Amino acid sequence: MKSIPFKILEYHGSYTSQVEGLNIIETEETIIANICESFPTPGYSVSVNKVVKEDEDFIIYLNIIAPKPDAILLQVITYIMVSIEISKKDFGDPPYKFKLAGRGFKRSGKREEY
């Protein structure tokens with residue numbers, strides 16, 4: 038398992054519908070990973086803990102922090118997007134296969150690993 042350095046480019050929240058999941062943009066020298074997650078209320082926080090290479094996969098580990106259980110929050114779907122940049126020199130030869138790991142919030146209201 039090899040740790041890969043990365044730089045956070047952007048972090049923002051939105052109340053308008055966004056495409057959820059992982060979107061990869063490949064440039065000549067870098068890979069930009071856009072990660073979008075939806076939540077049932079405001080107050081969630083998303084960060085990238087680490088990026089590692091395991092076998093042939095590059096795994097992006099997320100850290101999702103929920104609001105306090107007794108917090109009074111609006112019932113409105115919110116989207117959080119985090120964009121990271123990774124230099125291709127840290128990857129080796131293509132193709133590149135990415136996966137998300139960490140704690141994810143599922144629409145059923147149950148938090149589970151994915």
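If you count the sequence shown from 1, position 77 lands on 114 in my numbering, and the numbers rise without skipping.
Glycine included, C-beta positions come from ideal geometry on N, C-alpha and C.
What you are looking at is a predicted structure, and each value in this text was computed from that prediction instead of being measured.
**Prompt:** How big is the Cα-Cα spacing for residue 65 and residue 124?
**Reply:** 10 Å
**Message:** Between which residues of its own chain and residue 87 is the CB-CB distance below 7 Å, once the five residues before and five after are set aside?
**Reply:** 40, 98
**Request:** Figure out for me which residue from 61, 91, 114, 56 has the closest Cα to the Cα of residue 80.
**Result:** 114
**Straight-line Cα distance separating residue 70 from residue 43** = Each residue's CA atom was taken as its position, placing residue 43 and residue 70 some 10 Å apart.
**Request:** Can you tell me which of the three DSSP states residue 125 falls into?
**Result:** helix
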